[in-house]
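Q:
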Amino acid sequence: MAVKAPFNYIGNKYRIIDSIQEFFPENIDTFVDIFCGGCDVSINTKANNVYANDINYFVIGILEEFQKHDVDYILKYIDSTIEKWQLSKTNEGGYKAFRDHYNQTKNPLDLYVLMCFSFNYQFRFNSSHEYNNPFGRNRSSFNEVMRNNLVLFKRQIEDIQFSALDFCAFDYDVLKPGDFIYADPPYLLTCGSYNDGKRGFRGWTENDDYNLLQILTELSDRGVNFALSNVIEHKGLTNDTIIDWSAENDYIIHGINFNYDNCNYHTNNRDNVTKEVLITNY
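When we follow this note's numbering, the leftmost residue of the sequence shown carries the number 503, and every step to the right adds one.
(1) With a 10 Å radius around its C-beta and 16 neighbouring C-beta atoms as the bar for buried, classify residue 646 as buried or exposed.
(2) Using the three-state DSSP reduction, which class does residue 600 fall into: helix, strand or coil?
(3) What number of angstroms, rounded off, separates the C-alpha of residue 787 from the C-alpha of residue 536?
(4) For residue 538 and residue 555, what's the separation of their Cα atoms in angstroms?
(5) Would the beta-carbon of residue 655 fall within 9 Å of that of residue 618?
(6) Tell me whether residue 583 is buried or exposed, calling it buried when 16 or more other Cβ atoms sit within 10 Å of its Cβ.
(7) I believe residue 707 touches residue 525 by the beta-carbon criterion, under 8 Å. Please report the beta-carbon distance rounded to the nearest angstrom.
(8) Excluding sequence positions up to five away, which residues of its chain have a Cβ less than 8 Å from the Cβ of residue 696?
(9) Below 8 Å on the Cβ atoms is my contact criterion, and I expect residue 567 with residue 616 to pass it. Report the Cβ-Cβ distance as a whole number of Å.
(10) Hey, out of 690, 659 and 750, whose CA is closest to residue 740's CA?
(11) Terminal residues of the continuous beta strand (DSSP E) containing residue 579?
(12) Should the stretch 569–589 be regarded as contacting the stretch 620–635, the criterion being three or more beta carbon pairs within less than 8 Å?
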């Protein structure tokens, strides 16, 4: 059974991890998760060497802190912080005071605790990189499910090599023929206008799509296996760049059955169709 990361990370693949990994290669030596987000794919992929990268250095900072400390220390820190700031599902004043404290100190473990009591457990920052997600009244808390997920998650990240780089700046020389890279970038067709952790601190553009496809093509030419998650159709729009690139290079497009909010795979109304895919070069 797949291990779930102790985050509610935008764009996470936990719910469809089996559908994706059905198409992953076996016997992986080095694996790179270049847009790792909350690491749901990284921790559930077996490889001798695992690299997990994301441009959001705040989230990578939390992951590195989890890796650095033993689980008893982490849980004790979380519990004592909750008690100190009297965090609960109803204490909005305590939440806001703690949020102000975090924005002044930027302690990664504090950010994790803050996220646990925020609206929809999301990572949201303003243009000044201050955490600005509102309070998750009557819904959000560090509950037993998250506690158990954290314990299991901690066991899975011990040997992962983390980095917080733009995907263009990553050193792809760590990959040799037969190795494997998974790319789950922000989807050009479904990106919201808000500033969330998945997108780092800038929007995702057609140029970003182009640069990523170029990198994957170059890696493929070197004998590296890749899998790319993306959406090729959404609400009447299509990502022709990715569709054409796949066809030109004879890459394989696998349909992934995932039902987006406000979308319906079975409708005859094309404006309501979303097609998520996994594209592979093997």
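For glycine and all other residues, C-beta sits at the position ideal for the given N, C-alpha and C.
What you are looking at is a predicted structure, and each value in this text was computed from that prediction instead of being measured.
A: Result, derived from the coordinates:
(1) Label assigned to residue 646: exposed.
(2) Residue state, collapsed to three classes: helix.
(3) This structure cannot settle anything about residue 787, because the visible part of the chain is limited to 503 through 784.
(4) C-alpha of residue 538 to C-alpha of residue 555: approximately 5 Å in a straight line.
(5) No, they are not a contact pair.
(6) Classification of residue 583: buried, given that the 10 Å Cβ count is 16 or more.
(7) Rounded, the Cβ-Cβ distance is 27 Å, inconsistent with contact.
(8) Residue placement at residue 696 is poorly supported in this model, since its pLDDT is 35, which falls under 50; the coordinates are not used for a value here.
(9) No, residue 567 and residue 616 are not in contact; Cβ-Cβ is about 14 Å, not under 8 Å.
(10) Here the closest residue by C-alpha is 690.
(11) Per DSSP, residue 579 belongs to no beta strand (DSSP E); it is in the alpha helix (DSSP H), 573–586.
(12) Touching, no.
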